[in-house]
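Numbering (this note's numbering), first residue to last: -9 to 246.
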């Protein structure tokens, strides 16, 4: 039996330099828990209450950081897409208001053999909002081929398009997705997106981050890191190093 569920988070600045969570609604397999975070951030962790998404499920997470709020959202464990009677869908909808900062840092999505998942992440940012967004996909559990996986990341800032990217892997994907020009034999792929208003004055310079990762400035105050790796552990290390590099450069520019 398929499941339809939407979990919701809303964070607001409390006027005293902290962030409150007036809305924290769990539903179905999506359980939300408030967790510790360094001030002035509020922290939320998504805890899977059951195996999901299964084929046929329709799951969604809606996160809003209101004006001036600071919010970081993570996950307790990887999300595993499992086989079922039909395609599953997982929608993530993120919104950040003026002077808000939102960190969306889930654990990897694992595409198990025989699964079919369509995932869409949609982000709406106010002109002065800041965003750190990480997405990681692992194609197949250990020793098995990947399922069918399509992911789309759409970001709008001040109502204008900033990034619209779709990736497809596994059965049904266009030929070449696992070839040398795309994955090159790697099983893990990830993206790290940073949006910061100060990048308008001093954009991030494009550069290679080792043999399987690249940092690219976008046509807006944003930078995108794209990486592939042999496994989830190595992929996370690359993305963590890239995050530290970009933020360190941003801090140095702001102080100069």
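The beta-carbon is built from N, C-alpha and C at its ideal position, and this holds for glycine as well.
Compare the Cα-Cα distances from residue i to each of the options and report the closest residue.
i           : options               : result
residue 91  : 199, 30 and 214       : 30
residue 100 : 70, 211 and 35        : 70
residue 147 : 59, 212, 77 and 50    : 212
residue 111 : 18, 124 and 103       : 124
residue 189 : 229, 174, 176 and 239 : 239
residue 136 : 166, 115 and 160      : 160
residue 104 : 95, 113, 77 and 98    : 77
residue 93  : 43, 162 and 35        : 35
residue 33  : 179, 61, 0 and 183    : 61
residue 205 : 230, 20, 5 and 116    : 230
residue 85  : -2, 194, 208 and 193  : -2
residue 81  : 176, 203, 113 and 192 : 113
residue 187 : 119, 175 and 196      : 119
residue -7  : 79, 181, 153 and 233  : 79
residue 191 : 234, 207 and 176      : 207
residue 202 : 129, 193, 68 and 218  : 218
residue 102 : 163, 5 and 130        : 130
residue 14  : 5, 8, 7 and 24        : 24
residue 149 : 87, 28 and 183        : 87
residue 228 : 133, 134, 170 and 126 : 126
residue 27  : 17, 8, 43 and 16      : 8
Could you tell me the boundaries of the beta strand (DSSP E) in which residue i lies?
i           : result
residue 91  : 91 to 95
residue 158 : 150 to 159
residue 132 : Residue 132 -> no beta strand (DSSP E), and no H or E assigned at all.
residue 12  : 9 to 15
residue 202 : Careful: residue 202 lies outside any beta strand (DSSP E) and carries neither H nor E.
residue -2  : -6 to 3
residue 180 : 178 to 185
residue -9  : Segment: none, residue -9 is in no beta strand (DSSP E) and carries neither H nor E.
residue 106 : 106 to 115
residue 142 : 138 to 147
Please state whether DSSP places residue i in a helix, a strand or coil.
i           : result
residue 173 : coil
residue 38  : strand
residue 245 : Since pLDDT at residue 245 reaches only 35, below the 50 mark, its modelled position is unreliable, and no value is offered.
residue 239 : helix
residue 232 : helix
residue 211 : coil
residue 26  : coil
residue 197 : strand
residue 227 : helix
residue 191 : coil
residue 217 : strand
residue 164 : coil
residue 32  : strand
residue 6   : coil
residue 102 : coil
residue 222 : helix
residue 119 : coil
Can you round the beta-carbon distance between residue i and residue j to whole angstroms, since I take them to be within the 8 Å contact cut?
i           : j           : result
residue 225 : residue 215 : Not quite, the Cβ-Cβ distance comes to about 11 Å (not below 8 Å), so this is no contact.
residue 155 : residue 143 : 5 Å
residue 73  : residue 45  : 6 Å
residue -5  : residue 11  : The Cβ separation is near 19 Å, so there is no contact.
residue 64  : residue 95  : 5 Å
residue 3   : residue 58  : 4 Å
residue 145 : residue 157 : Their Cβ separation, rounded to whole angstroms, is 15 Å, which puts residue 145 and residue 157 out of contact at 8 Å.
Just to check, is the beta-carbon of residue i closer than 7 Å to a non-hydrogen atom of the ligand NAD?
i           : result
residue 213 : Only the bare structure without any ligand can be found here, which leaves the ligand NAD out of the picture.
Notebook entry, point to check: Can you list, in chain order, the stretches of the beta strand (DSSP E) that have 3 or more residues and sit fully within the region 49 to 100?
Noted result: 60 to 65, 69 to 71, 78 to 86 and 91 to 95
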